[in-house]
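Just below is one structure, and these are the notes that go with it.
Protein chains: 4
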Amino acid sequence: MKDEKHMDPIEKRARELLKERGVELKDIADLVYYLQNKYHENLKIEECLANIERVLSKREVQNAIITGIELDILAEKKLISEPLLTTLLNDEGLYGVDEIIAFSIINVYGSIGFTNYGYIDKQKPGILEKINEHHEGVCNTFLDDIVGAIAAAASSRLAHRAKNVE
Amino acid sequence: MKDEKHMDPIEKRARELLKERGVELKDIADLVYYLQNKYHENLKIEECLANIERVLSKREVQNAIITGIELDILAEKKLISEPLLTTLLNDEGLYGVDEIIAFSIINVYGSIGFTNYGYIDKQKPGILEKINEHHEGVCNTFLDDIVGAIAAAASSRLAHRAKNVE
Amino acid sequence: MKDEKHMDPIEKRARELLKERGVELKDIADLVYYLQNKYHENLKIEECLANIERVLSKREVQNAIITGIELDILAEKKLISEPLLTTLLNDEGLYGVDEIIAFSIINVYGSIGFTNYGYIDKQKPGILEKINEHHEGVCNTFLDDIVGAIAAAASSRLAHRAKNVE
Amino acid sequence: MKDEKHMDPIEKRARELLKERGVELKDIADLVYYLQNKYHENLKIEECLANIERVLSKREVQNAIITGIELDILAEKKLISEPLLTTLLNDEGLYGVDEIIAFSIINVYGSIGFTNYGYIDKQKPGILEKINEHHEGVCNTFLDDIVGAIAAAASSRLAHRAKNVE
C-alpha cells in the first residue's frame, strides 16, 4: 500500500471510508479473483490487490467513493430530507444514482468492466453479500455499487495488462 | 404544469427544490430557446417549456435533481465531512461527480444532448450566470450542472420531435 | 407490432436487421421474462413484448442497431480493414465498442438497466447462447450486445411502469 | 512520438488513420492549447502533445478511432447499406453514435472532459473547422467527434497532472 504520509487528503479519506464501512482491500481482491480466475492461469491475489491499488489512485474513483459513502452515512444519521431519505434507506430499485456513481469508477478502465459489474451485482459473492445483509439503521446503498465497481475496474485493468496494453 | 395533487412525492420534491434554489422553469426554457432558436424557425417559449415538463416527468431525472441539490444544501449547512465539504464549497474543477449526475439527465434523451450541455456550461447564459455568481456560504456545485442538463435534455427532445421521431 | 406502412425507414431497417440476423422479438421477450419474472407476479410475455416495441421506437436505439449490425455484416463480407477485421471476427475481449453501442440503448431507460445487461451477458440465456455459438464466417460481435441491451432496456421500462412512473 | 517498431498493430493503425484523414497530432495539440491556455500559465504546445500521446496509448481510445474512421471510409466508398449510408454522409443531427464513440474516448480521463468536448464541438476551432468543411464525397462524421474527444481527454489529463493527481 501507498505510504500514507505522501497520500493526498482525498485519497486518504476514500481509503479510510472503505475501511470504516467494513470493506478491506483484501475483500475487493477476492471479488477480482472471483471474476478473473477462469481467464488467467495462476492468478495471484497479490496481482488482484495491485490492480485495486491503481484503481484507487485515480481521482475520479476517489471522488465517487467519498461522495457515495457520505450519502450512505448522512442517510443513517437521518440528515437527508424526504423523500430521498426513504429512497436511500430502502435501496429503492428505481433510484439509479448509485449505479451512475459506480459507472464513473468503471469508465476509467473502459467499457469492458460493465458486464463484470452487472454480473457480481446480481450474484453478490463474498463481501457484496455481507454488505447487502439488512441491518436496521444501516445504509449501504452506495457502498454496495462502489465496491462492485472497484472490483470490475480492477478486473478490466488486469485484463488489459495481461494482453500487454494500457 | 402538472396538477400537483396527482404528482408523486419525488417529482413534487424535485420541482420544489429547483424553485427553492431560485430556478424557475421559465429560466430553463430560456436556455432551451438560446440553444435551439437557430435551428427551429418560430420556436416558441411555450414549446421549450412543454419539453422541460416532459423531461421533469422522468424518474431518472427527478432522482438526479433531488440527490444533487441535497448535496448542495448539506454543504451549505456544513453537514458534509472533509475533504468533500471543501471540494463542494469551492466547486473544485477536478471533482466530476456533478457532471456524472448531470449526464444521467442528458442520457435519457440520447447522446445528442451532450454537446449542448458542454456548450452552455462554458458560455453560462442567463440563469446559469446567476447560479455561478459567487456568494459567501452558497453552494450551487450540483445545481449548475443539473440546470444545464435539463436544458440540454429538453433541447434533444425538441429536436427529436421536430423530426417526428421519438 | 407497428403498422409497417407508417414506419420510418430507420425503424423499418432496424427491425428487419434483427430478423435477418435470426433474432425474433419473441426471443428478446423471453430474455425480459427471464430477467423480470421473479419481480413481477403473473408477468405475461405480451407485456415483455409491448415494452420491447416501445424500446424499438426510440431513434437512439434504432441507430445503435443499424450501426452495430452493419459492422457485423461488413466483417463477414471482409470489407473491414485490418486489424479491426480480426478484432471483430474474433469478438476480442478488450474491444469494447460493442459494449459502448449497447449502452446507448440501455441509457434511454436509465442506469438501472446496466446490471441486467451485465448479468445476461455473462449467463447467455436463450437466444444469447445461440447468437454466441461459433460458426465459421459468422460475426455477431455487435448483435450479441445489442440484443442483451434491448432486453435490459425493456426490463427497465417494465420496472418503471410497474411502479407507475415514467 | 513512440518508436513505431514497438507499437502494436492497433495503436499503429489508429495513428495512421488520423494522419491519412488529414489530422496531425500537432493540430489536436492546438485544440488542447485553445482549451487549456487560460487555466495554465506558460502552457507549452509540447505539453499538450505529450498528453495526446498518452491518450493515444490507451486501447479503448485506439479501438474507438479505428472503428469510427472505418465507418467514415466505408461510407465514402458507399459500402454501407441504406438508410445508414445517407445518415452518415449527411452527418445527420439525430444520429448520435458518433458522440457515443467519442464519449468512450473522453471517459478514460473522467467526466471533466465532457464540457470541453461539447464546447469545441460547437465552436469548431482550428482543425475542427477544416474537418467540417463540406466536400462532395467526403465523410468525416466520426472523425470530427473523435478529434474533439481526443483533445478533451488530453485536456482532462493535463488538468489532473497540473494538480498532481492521476
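Those protein sequences? They're chains P, H, E and C, same order as listed. Plus 927 on top of the position in the first sequence (first one is 1) and you've got our numbering. Plus 927 on top of the position in the second sequence (first one is 1) and you've got our numbering. Plus 927 on top of the position in the third sequence (first one is 1) and you've got our numbering. Plus 927 on top of the position in the fourth sequence (first one is 1) and you've got our numbering. Don't be surprised by glycine CBs; every beta carbon is placed ideally from N, CA and C. All values derive from a computational prediction rather than experimental measurement.
Beta carbon of residue i nearer than 7 Å to that of residue j
{"i": "E/V950", "j": "E/V1065", "result": "no"}
{"i": "H/G1045", "j": "C/T1042", "result": "yes"}
{"i": "C/A991", "j": "C/I1028", "result": "yes"}
{"i": "C/L983", "j": "C/A1002", "result": "no"}
{"i": "P/A1089", "j": "P/H967", "result": "yes"}
{"i": "E/F1069", "j": "E/D1018", "result": "no"}
{"i": "C/P1052", "j": "C/Y961", "result": "yes"}
{"i": "C/R942", "j": "E/L1021", "result": "no"}
{"i": "E/I996", "j": "E/L944", "result": "yes"}
{"i": "E/R948", "j": "E/I993", "result": "no"}
{"i": "C/D1048", "j": "C/I1058", "result": "no"}
{"i": "H/I1032", "j": "H/A1086", "result": "no"}
{"i": "E/K954", "j": "E/I1054", "result": "According to the sequence provided, residue 954 of chain E is Asp. The question's Lys does not apply to it. Against a cut-off of 7 Å, the Cβ pair of E/I1054 and E/D954 comes out as a contact."}
{"i": "C/N1067", "j": "C/D999", "result": "yes"}
{"i": "P/Y1036", "j": "P/R1084", "result": "yes"}
{"i": "E/I937", "j": "E/Q989", "result": "yes"}
{"i": "P/L1012", "j": "H/L1006", "result": "no"}
{"i": "E/L952", "j": "E/Q963", "result": "no"}
{"i": "C/N1034", "j": "P/N1034", "result": "yes"}
Under 8 Å from the C-beta of residue i: neighbouring residues of chain E
{"i": "P/T1042", "result": "E1026, Y1044, G1045, D1048 and K1049"}
Closer than 8 Å at the beta carbon, the chain P residues around residue i
{"i": "H/I1007", "result": "E997 and L1001"}
Contact set between residue i and chain E, taken where Cβ atoms lie within less than 9 Å
{"i": "C/G1020", "result": "Per Cβ cutoff of 9 Å: no residues; C/G1020 is ~11 Å from chain E at best."}
{"i": "C/R940", "result": "S1008, E1009, P1010 and L1011"}
Closer than 6 Å: residue i CB and nearest the ligand SAM heavy atom
{"i": "E/S1008", "result": "In terms of ligand content, the structure shown is empty, and the ligand SAM therefore cannot be addressed."}
Partners in chain H for residue i, counting only beta-carbon separations shorter than 9 Å
{"i": "E/S1038", "result": "E987, S1031 and N1034"}
Amino acids of chain C, ordered along the chain, whose beta-carbon sits closer than 7 Å to that of residue i
{"i": "H/G1023", "result": "G1037, S1038 and I1039"}
{"i": "E/I937", "result": "P1010"}
Any C-beta of chain D under 7 Å from that of residue i
{"i": "E/F1030", "result": "Chain labels in this structure do not include chain D; the protein chains are P, H, E and C."}
Quick one, which residues of the stretch 959-992 of chain H are near chain P if we go by CB-CB under 8 Å, in chain order? R986, E987, N990 and A991
What are the residues of the stretch 1066-1089 of chain C that lie near chain H, defined by any Cβ-Cβ distance shorter than 7 Å? A1086 and H1087
4 or more residues per run - each alpha helix (DSSP H) lying fully within the stretch 940-992 of chain P: 952-963 and 972-983
Start-end ranges of the alpha helix (DSSP H) lying completely within the stretch 1020-1080 of chain P, minimum 4 residues: 1024-1033, 1040-1050 and 1054-1059
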